[in-house]
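Student: Chains as they are written, first to last, in our numbering: chain S, 44 to 347; chain A, 2 to 993.
Ideal Cβ positions, reconstructed from N, Cα and C, are used throughout, including at glycine.
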Amino acid sequence: MSKKPLILDIKGNSLDDGPGIRSVVFFKGCPLSCRWCHNPESKSPRLEILFDAAKCVACGACAWVCPRGALSAENPFFVDRDRCELCMACAGVCPSGALSPAGRRMEQAEIMEKVLRDKPFYDNSGGGVTFSGGEPTLFMPFLAGLLKNLKEKGVHTLIETCGLFNLDRFKALVLPFISTIYFDLKLVDPGAHQEYCGAGNNRILENLARLHTLSRGGRFEIIPRLPLVPGITALGENLAAAAEYLSAHRITRLNLLPYNPLWIEKLTKLGLKNPYPAEHPLMNWLPQEEMEKCKALFSRYGIH
Amino acid sequence: MEDAAAISQQLRGLLEFLAGMFNADEALQEELKGTQGWINVTVGLRTADNTVRKAIAFRDGQVSVLDEIPADAHCTVVYNKPADIIEMLNASPDESYKMILKGRVRAEGNIMYMGLWNYLMNLVAGVEQQEAVDRQIEEHRQTKQVLSAGTCAGGRQERLARRKSRLTGEKSDPGVKYLHDPYFARYSLEDFPRLAALREELFSVNCEFTGEFGKLITDFHVENGYEVDRNGEPWDPLLRKGETMRYLLGNRKPLIRKRDLLGGTWTTNPVFGGVGRPYSEACHMWGELNTCSKREYEPYRITPESIKLFHKYVFPYWATRNIHELWKSEYNNPLPAQIHELFFAVFYWATVSQSENNPGFDKMLKLGTSGLVKKIEKELERDKGADTEKRHTLTGMKLCLQGVDAYAANLSRQALAETEEEADPARKEELLSIHRNLLKVPANPAKTLEEAVQSMTVTLVCLGWETMDASISLGRLDQVLQPYFEADMAKLSTQAARDKYTGRVIELIGCLYLFNASRLIIAANLGQWQNSGSAPNTCVTVGGITPDGKDAVNDMTYIILKVTELLALNHPNVHARYKPGLNSINYLKRVADVNYITCATPALHNDDAVINALSHHQGWALEDIRDYASTGCVEPSIPGKHAGTTSALEINLVAPFEMAMNNGLHPISNWRLGPQTGAIEDGHFTTFENFYTAFARQCEFIFEQAVTGNNQLGELFHRHHPHLLLSALTDGCIESGKEFLRGGAKYNSSGVSIIGLADVVDSLLVIKKLVFEEQAVTFKELKEAVDGNFAQNPALHALVNTRVSRFGSGDPVALNMARRVMGTVGDFFAGSRDYKGGMYTTGWWTMAHHVAYGRVTNALPSGRLAGEPFTPGLTPHPAASPSLLDNLRDVAQLDHKAMDNNIAFNVKIVPGADDSHAAVVDRMAGYMKTYCELGGMQLQFNVVNSDTLKDAMANPEHYRDLMVRISGYVAYFTGLHHELQLELVRRAEYKL
């Protein structure tokens, strides 16, 4: 794994990724491949090209500069990804930003400069910086450098993780500089996890339990999060198993994340077909009453 | 030419038909008989090239059509092309105003006679004209239905829920002496049935265009003369105005509104009325007397008696004596007046009013009229060698103060008389109390809070009648009233008595708010393009620091904020000052809380930034600067010490930019107005600096015209309508013997607002980067694309929209460009002198001009297309950055010195469905505090989402009191001009 990650985006003024006003740094690359991943462009750690048909003004400049003849309106998703060598010459000339690279190498200093601009807003709102992805722990030394720097400057730090990492390395490199961990607990059944997320979950569950124990020392907090994906995670069986698991480990906090289908629009930008028909549960928002039911289930276990 | 001949003939036929009707019809003949004799007028109609020209003459009841326009025609309508004549005749109001705004139709000569011509035409063609209005209303209604299809109606409930939910706040401010729950969580509007009923009444009626003022002032001058007195001797306006004021105030009807705790009304309609001065704001109403009650926006109530009064008596008298006409006649139709009438570059608000100020109400409360008269007499006694001007100025002030006393005495008598007929003992007691208060004030110093508020009420309306009721502001109301509150509270010994009394104070301040909200400025239809939905903008300012730099937040601060929350009115325009590091976070959160509950008010001002900006004014004392209060939209002025006339000029910065792009020609008006500064087509600009110099020269040209015209109008106002009562309440005027508009005040300045900053800055950035740095396009190609509205160049349009960082993006290059442009503008005005001997101050707020001026502007290099609105205030373009923080940081880093007339920074934020009231307030306060700490001057939130706005457009009945901040002023959304509504929907929306 390359030491420097590709950064997909640094989003300022985020209010949904932790307490207060925050910036979110999105890393590219993830060890899981969840079927419903909300940022499909973040799955692969490698550079990719995005094409947004809605922005294209059909000026033809891109096809003119492409050395591989990979661009044409005749192609199903405009870019012939077998031919494309990711030189990004097209993105350089595209006037409307319809063609753009997914991911950019950034130095730590550049990231720090960007997120520290908003420090006064973090300070007055109890906010800080969130690292998300993709999976930020894929790049632990790089991540650790950023976290350390922020911690020294008194900035609240938070990571959103899928939980699949080497705990010893995590404890040594990352944990000392973390204020809060948002830890995903998606599916409890190992077979289902393997099927829907592309990897087993033994290590994830174990990491969650051990980190929770460590958090009792009060140096950091850990909050599990469960995305309610219709037909996959938002099933009574899985939710009950999750509740059992959490209570067994005396974990009483859980954030439930309602599902939304907005990610599906991103597939075409990556040259992928939407595999779902309109009536498929994954094409629709999780109904509010479903959300309430799930909440009620966990409350019965004393989990809020 | 054939076209011209045919249209000529058609026009002649039409005019003859009209003449025939007037000559034959008795009722129409009757309309030509004025109280003082026949109403005569000759109107010309012609094309710009004179190929079509006709005139119609109304003379002593006989109407005739002429083939040549006589040299002494009162006014002439000039059409660009023959076809425009026919189009104008069939146009709906919006269509005809678009034609005016685009320079396809203009008026020459006397504007009031033009109104008379419209009045007479309406008598004959009223049915067709109303059909055009109704057609437009129906078209807009349909657009709104389409726009709102599928939007969520959740806003209706959410708004009500917001008003019901209450936070509590601890007492943490040193200046708060008595309140234990400064947020008053225990009170809702239902706890104040009086206020609820008065408020309901206000929302249930249309404003009445009243005739009392017009009648009284015309009576007075018909009887006593205007240019000369009744003996035919020249009449010094200083004395004339004093006598006029004494007559007006002494003879106006003393009314007490039902249920009100305060005596006095703004007009003869106690609930909602407009004064209608025939020499200023109402002079444009002649043509609309019969239509204003049926128009689309803000229809007025007007009685048939008033219509008759204005048409036959009032307007004929003022036709040549109104400010607008006097400007043209006394200065020989100067270039500034010509620019004004084409609506594309400069709007001279001074044609209407000089009244955006903060009078010294504290002087009236402390001295009373009797004390002020004593002060004046002492000065006359002291300065034995006083010149005529001083003697007349001081005598005029005394006459005005006598008028105030007479009005108060009449009110007091009226209250007593009503007592006798009042059956309800509680109301009887209230009327007696009004009677007793008015026996004491404003003649004498106020001793209690109730007397103080009553004194302010009478003074406010008298000042309104003297000047023009735009933005006569109440200053730092919390600072002025706190001593009276404390004195009253000290007399009460139990907590229960004190709690009861604070409830009473809320009612009193509520009555003051509702009294203030009981009037509008009478405005012609065209005004809807400039300041649609605007109230007269009396401002109330709270919080901040005291003159000696201490925390100024006190009990009255929170009481006023509570009243602002409960009544949720667009008027007064409420402003909260905040001193970082000194004012408490509890106070700031309460400001955010009220802003959230009311959606749009108060606006936030940073003391550090405003005080820093004003500190650049030579000779201004720091303790006075610290005492600043808002007036007009957002402008700072020093109460009781400062002749600030802060919204004198509203200037379109994009006009000089377009003139620089076109070698001095303004494209839409097709007027070669500015100096020739180089043609892009001929390759005159080889560097960006060359072009910037051209832009700066065009700015200078327009600004010079602005200053020249405003100085003419200032002198003119002084010669015709000196502000003597206002002078008596302003430090320096008594001592110097110079009236307010003559530089008598301790501090003097005139204020400018600049429209279109972000659009100009973004356009300059595109030229700099794409033309001169990257050479991605030639200047000529860019200009061709702009001239063609980018229709042939979608790729170039995409390029300018995506590849150049805009102001508000956080890119230092863009920020520096904004600072540079603001410096160019600010330096010019700081170096200019006004008619009072003060400097000009520069502001960046836009009323609704960003929509009106946008309408008359072609596409811009920034990518903005022809006719689209500019951004409001100095708010960055919505596409500048997806992060609000980039906007906030950029605006916070602008140079205070170049914004000493303040800014309007609008931000639309939308709470999430799950966010609690407390969480929303915490976040808003977080933005506010940080923005101020970074140096930001002013910030105003609209806490409403686009879905709610769309639902309100289609279903106005659910949203009649939904408030939004436009750019500095607050308006009820459903009453706004259609295009302004659309602009608000389009504004960038940030999730909170």
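1) Distance, Cα to Cα, Pro267 of chain S vs Gly511 of chain A?
2) Taking beta-carbon pairs under 7 angstroms, can you tell me which members of the segment 887 to 919 of chain A lie near chain S?
3) Provide the residue span of the alpha helix (DSSP H) that contains Val108 of chain S, from first to last.
4) So if DSSP puts Phe174 of chain S in a beta bridge, which residue, or which two residues, is it bridged to?
5) Do Phe121 of chain S and Phe94 of chain S have their beta-carbon atoms positioned less than 7 angstroms apart in this structure?
6) What does Cys102 of chain S reach in chain A if we use C-beta pairs closer than 8 angstroms?
7) Please tell me whether Ala145 of chain S and Glu84 of chain S are closer than 7 angstroms, where the distance is taken between their beta carbons.
8) Skipping 5 residues on each side, what residues in its chain have a beta carbon closer than 7 angstroms to that of Val198 of chain S?
9) Our contact map puts Thr843 of chain A next to Met900 of chain A with C-beta atoms below 8 angstroms; I'd like the distance itself, whole angstroms only.
10) Using a Cβ cut-off of 9 angstroms, pull out every chain A residue sitting near Ile64 of chain S, in sequence order please.
11) Buried or exposed: Val787 of chain A, going by 16 or more other Cβ atoms within 10 Å of its Cβ?
12) Buried or exposed: Asp50 of chain A, going by 16 or more other Cβ atoms within 10 Å of its Cβ?
13) If you check the beta carbons only, do Gly757 of chain A and Phe871 of chain A fall under 7 angstroms apart?
14) Express the C-alpha separation of Lys642 of chain A and Leu730 of chain A in angstroms, rounding to a whole number.
15) How long is the line joining the alpha carbons of Arg743 of chain A and Trp845 of chain A, rounded to whole angstroms?
16) By the criterion of Cβ-Cβ separation under 8 angstroms, what are the contact partners of Ile811 of chain A in chain S?
17) Considering only residues of the same chain and omitting the five flanking positions on each side of Asn56 of chain S, which have a CB-CB separation below 7 angstroms?
18) Counting C-beta neighbours from all protein chains within 10 Å, is the total for Phe204 of chain A 16 or more, i.e. buried, or is it exposed?
19) Under 8 angstroms, with one C-beta from each stretch per pair, do the segment 456 to 463 of chain A and the segment 361 to 381 of chain A reach the 3-pair mark?
20) Can you check whether the CB of Asn859 of chain A is closer than 7 angstroms to the CB of Pro668 of chain A?
21) Count the CB pairs spanning the segment 58 to 68 of chain A and the segment 13 to 31 of chain A that are closer than 8 angstroms, and state whether there are at least three.
22) Under 8 angstroms by Cβ, that's how I've got His722 of chain A and Glu740 of chain A pegged, so tell me the actual separation to the nearest angstrom.
23) Taking only three categories from DSSP, how would you classify Asn270 of chain A?
24) Determine the burial state of Arg383 of chain A: buried for a count of at least 16 other Cβ atoms within 10 Å of its Cβ, exposed for fewer.
25) Can you check the segment 76 to 128 of chain A for any alpha helix (DSSP H) of at least 4 residues that lies completely inside it and give the ranges in chain order?
26) Helix, strand or coil, according to DSSP, for Leu623 of chain A in the structure here?
27) In or out: His347 of chain S buried (at least 16 other Cβ within 10 Å) or exposed?
28) In chain S, which residues lie less than 9 angstroms from Thr803 of chain A when you measure between Cβ atoms?
29) Skipping 5 residues on each side, what residues in its chain have a beta carbon closer than 8 angstroms to that of Asp388 of chain A?
30) Nearest by alpha-carbon distance to Asn358 of chain A: which of A:Met848, A:Gly645 and A:Lys590 is it?
31) Could you check whether the Cβ of Asp625 of chain A sits closer than 6 angstroms to any heavy atom belonging to the ligand PLP?
32) Rounding to the nearest angstrom, what Cα-Cα distance links Lys563 of chain A and Ala697 of chain A in this structure?
33) Going by the CB atoms, is the gap between Asn207 of chain A and Pro305 of chain A shorter than 7 angstroms?
34) Under 7 angstroms, Cβ to Cβ, is there at least one residue of chain A near Ser342 of chain S?
35) Whose C-beta lies closer than 6 angstroms to the C-beta of Glu17 of chain A among residues of the same chain, with five residues either side of it excluded?
36) Helix, strand or coil: how does DSSP classify His576 of chain A here?
Tutor: If we stick to the structure as given:
1) 50 angstroms
2) Asp887 and Arg890
3) Ala104 to Val108
4) S:Val68 and S:Ile202
5) yes
6) Pro795, Ala796 and Ala799
7) yes
8) Lys162, Tyr165, Gly171 and Val172
9) 6 angstroms
10) Leu886, Arg924, Gly927, Tyr928 and Thr931
11) buried
12) exposed
13) yes
14) 8 angstroms
15) 26 angstroms
16) For the record, residue 811 of chain A in the displayed sequence is Gly; it is not Ile. Within chain S, the residues near Gly811 of chain A are Arg160.
17) Ile64
18) exposed
19) yes
20) yes
21) yes
22) Rounded, the Cβ-Cβ distance is 10 angstroms, inconsistent with contact.
23) coil
24) exposed
25) 83 to 90 and 94 to 102
26) helix
27) exposed
28) Lys98, Cys137, Pro138, Ser139 and Gly140
29) Gly738
30) A:Gly645
31) The ligand content of the structure shown is nil, which means the ligand PLP is not present either.
32) 47 angstroms
33) no
34) no
35) Val66
36) strand
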